[in-house]
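As they're listed, the protein sequences go chains S and Y.
For the first sequence, the working numbering assigns the number 80 to the initial residue and increments by one for each residue that follows.
For the second sequence, the working numbering assigns the number 675 to the initial residue and increments by one for each residue that follows.
Glycine included, each C-beta is placed from N, C-alpha and C at the ideal position.
Keep in mind it's a predicted model, so treat the numbers as computed, not measured.
Some notes on the structure that comes next.
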Amino acid sequence: MRASQRRHRVIEVSAERAWEVVGRAALLHLWFPGITSCVVEGDTRTIVLGSGVSLPETILTNDALQRRFQYRITGGLFAEHLGTIDVIALEENRCLAIYSSDADPGVMAIVLGGATGGALEELARQLETGVGPAIDALTTTET
Amino acid sequence: MGRKILFITTDQQRYDTLGCNGGELSRTPVVDRLAAEGVRYERAVPQSVVCMPSRSTMLTGQHPSTHGVWMNGVALPVDAPSVAAVLHQSGYRTALVGKPHFEPFLDPFNRFTENRVAASGLPTAQSLQADGGMGPHRGFDHLEFATHSPAGSLHYARWMVENHFDALGGFYAVLDKELEVNAAGGGDTGAPQVQINPVAREWYHTDWVADRTIAWLDGLEADDDWFCWMSFPDPHHPWDPPASELGRVDWRDVPLPAGYVADLAERERILDDKPRHWRLWYDGELVSNYEAPTRWVPATLTADQVREVNAVNAVEVELIDEAIGRVLAAAQARGWAEDLDVVFTTDHGELQGDFGLLFKGPYHVDGLMRLPLIWRPAPSAGVEAATVTLPVGLVDLAPTFCAIAGLDAQPWMEGNALPLDDADAAARGFERVLTEWDSELFGVAVHLRTITRDGWVCTTYRPGTVHDGSEGELYDLSEDPLQQVNRWDDAAVRSIRDDLVADLGDHLPAPRVPRLPVDAPV
């Protein structure tokens, strides 16, 4: 049985600023609690979870114009998976980040939903305070 | 030197499984003796009939609406108030050994402290406290965890993997390959979640919990004050106790429980008289929560399967009783017997064949709602043995622990220290107990609010995906102890219904806003 979960968070920064973090696939572990590392090679990203489980992912969409990032977990217990992060501008310095998880088994969608909710909170915290490893990595990359 | 507190919980145990409560299947001499020497509660009611909300109520002394754990899979915030933290701050040594479940088990990201502590090898973790400071996680300076199987990453599972790897395969797989609660049958009758487990008795989690509790007690100084929550995972399904013990109760000799309606037509008529999710689940057309196997159809449950489940459950109850006996003996050997308070209860009940159903769910009837609760005060306190018939709740436990320790109940606690007899209960206003159910899973939403008062149980339904909010259940516990006659629409008792519904509305705490997120199915 498949299931779909969606989490969202209004973030008090511009959509462009939020997308700078979200659109860089290799920074995921710096704002997603429970992911300890990630490595990107081409359109393949490999993440390692806090439990030590390693999961390969295929990056499907990284669209800076729509500000949409999509990926598919291709290993583990998943018969099917699609992760989607959308960043939508609300005002000049305000945006809405939406993180959706579709999965079979459906139980994993719920687990991912909980984890992505935590990730959006951490993303917002770092962006709004300007402090955190993802922001640091961004600065390093910018300079 | 103050009174020590041994708080014993089981998981999913019915009131009528204890000898002191009239049970005839299990031999429970240890708990029966505690009851004979202390206070036995005949109408102890949980504030939720699933684990995480109910356990959160025990720890916080709050209703689910207040602590916010509205269904399984919702994590209790790390800085939620905790009676263990209150005791710790007043000098008590504090431990939780066994099943915690304030946070989700299904946690591949290792986001939750319970899972991280088990992996760390440390006795506890430093967490944010309700007062804004830092302290041991939820107030416990020793944490050692187990759950219903050796799967996962908790201490018991790690111990089994390290020491008895070959025995792992004997346990029932709680989840199937699609991570649904397993519907596979076993034993002699093919009953769901039953399995003959060749594991050695001393490696089973019941004895492990007792062993680890004794080990912690052994490490204390003689004059330490201590609070130990010893939390047995059984007799919650799966029903897979050590095979060596199954001979204690032959399922073929087990009578069908009083709540099992053998006549099919009568059973279905009773179910049809209740709100529609009862019958929908029975027919396999609706699963509203993750606590029962998705692919299991209750209507397929046979009388022999009910017998076997009850027999195996009784074996697990006996093993717990014997484990408690070992821990009490260890405490006595340390010279603590005179100053030791023992509280025994469970988080919720089990349908165990009532209405042709097993497991649990949004069904506020005695199988799930009437709990064993015994408080054996320290003999040095000089409390007379008594039976309390007025309703009490698990919400009353936290203030009870404060009272034992000589502390005032905290302002955030919503219950009152348990009464010592009916006169005490009446004098202190023990009149009503409230129970909540909320679940939203895979597109199915169910919301119940229940009041137990004056010998009645009254459940109201809020709009969801199955109910329109007009449904209800009303049972007269004295005339209908099996809750087979729903009087919600009976004009003869309309004034009672209206009074109970109004009283329920007057006393329900305001819901926590914003609602806490669901982080996992369990």
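- In the same chain as S/Ile152, and ignoring 5 residues on each side of it, the C-beta atoms closer than 6 Å to its own belong to Leu134, Glu136, His160, in chain order.
- The residue from Y/Glu716, Y/Leu975, Y/Val705 with its alpha-carbon nearest to that of Y/Ala858 is Y/Leu975.
- Annotation: S/Cys117 is outside any alpha helix (DSSP H); the continuous beta strand (DSSP E) that includes it extends over 114-120.
- The continuous beta strand (DSSP E) containing Y/Met808 extends over residues 808-810.
- Comparing alpha-carbon positions, the option among S/Ile138, S/Ala158, S/Leu156 lying closest to S/Gln149 turns out to be S/Ile138.
- Judged by beta-carbon spacing, Y/Leu1115 lies within the 7 Å limit of Y/Asn963, meaning their Cβ atoms are closer than that value.
- C-alpha of S/Ala216 to C-alpha of S/Leu106: approximately 8 Å in a straight line.
- For secondary structure counted as the alpha helix (DSSP H) over 4 or more consecutive residues, the segment 732-803 of chain Y holds these complete runs in sequence order: 738-741, 757-763, 787-794.
- Among the residues of chain S, those whose CB is under 9 Å from the CB of Y/Ser827 are Ser130, following chain order.
- In terms of beta-carbon proximity, Y/Glu1110 stays away from the interface with chain S, with every pair separated by 7 Å or more.
- Interface residue (Cβ-Cβ distance to chain S less than 7 Å): Y/Leu853 is classified as such.
- Within the same chain, and ignoring the five residues on either side of Y/Pro778 in sequence, the residues whose Cβ sits closer than 7 Å to its Cβ are Gly747, Ala749, Phe786, Asp1193, Ala1194, Val1196.
- Per DSSP, the beta-bridge partners of S/Cys174 are S/Ile90, S/Ala168.
- By the neighbour-count criterion, in which a residue is buried when 16 or more other Cβ atoms sit within 10 angstroms of its Cβ, Y/Met1043 is buried.
- The Cβ atoms of S/Ala176 and S/Ile90 sit closer than 7 Å to each other.
- Counting C-beta atoms within 10 angstroms of its own C-beta, Y/Asp1021 has 16 or more neighbours from the protein chains shown and is therefore classed as buried.
- Looking at the backbone, the Cα of Y/Gly1138 and that of Y/Asp978 are separated by about 35 Å.
- DSSP places Y/Met904 in the strand class (E or B) of the three-state scheme.
- A direct Cα-to-Cα measurement between Y/Asp946 and Y/Arg953 gives close to 6 Å.
- S/Pro184 and S/Gln84 have their C-alpha atoms some 12 Å from each other.
- The Cβ atoms of Y/Ala754 and Y/His741 lie closer than 7 Å to each other.
- One alpha carbon belongs to S/Glu120, the other to S/Glu99, and they sit about 19 Å apart.
- Within chain Y, the residues placing a beta-carbon under 7 Å from that of S/Leu156 are Leu853, ordered along the chain.
- Under the DSSP assignment, Y/Leu1081 falls outside any alpha helix (DSSP H); it carries neither an H nor an E label.
- Chain-ordered, the chain Y residues with CB closer than 8 Å to the CB of S/Gly196 read Pro1191, Asp1193.
- Among the residues facing chain Y, S/Ile189 is included, as its CB has a counterpart in that chain under 7 Å away.
- Unbroken beta strand (DSSP E) runs of no fewer than 3 residues, entirely contained in the segment 925-1011 of chain Y, are not found.
- For S/Asn141, the uninterrupted beta strand (DSSP E) segment begins and ends at 133-142.
- At least one beta carbon of chain S lies nearer than 7 Å to the beta carbon of Y/Phe783.
- S/His160 sits in a strand when the DSSP states are folded into three classes.
- Within the DSSP bridge table, the entry for S/Ser83 names S/Asp181 as partners.
- S/Ala82 reaches chain Y at Phe1116, counting residues in chain order whose Cβ is nearer than 8 Å.
- Between Y/Ser756 and Y/Arg812, the alpha-carbon positions lie close to 6 Å from each other.
- By the neighbour-count criterion, in which 16 or more other beta carbons inside 10 Å mark a residue as buried, Y/Val1159 falls on the exposed side.
- At the C-beta level, Y/Phe814 and Y/Thr798 come within 7 Å of one another.
- The bridge partners DSSP lists for S/Gln149 are S/Thr140, S/Thr163.
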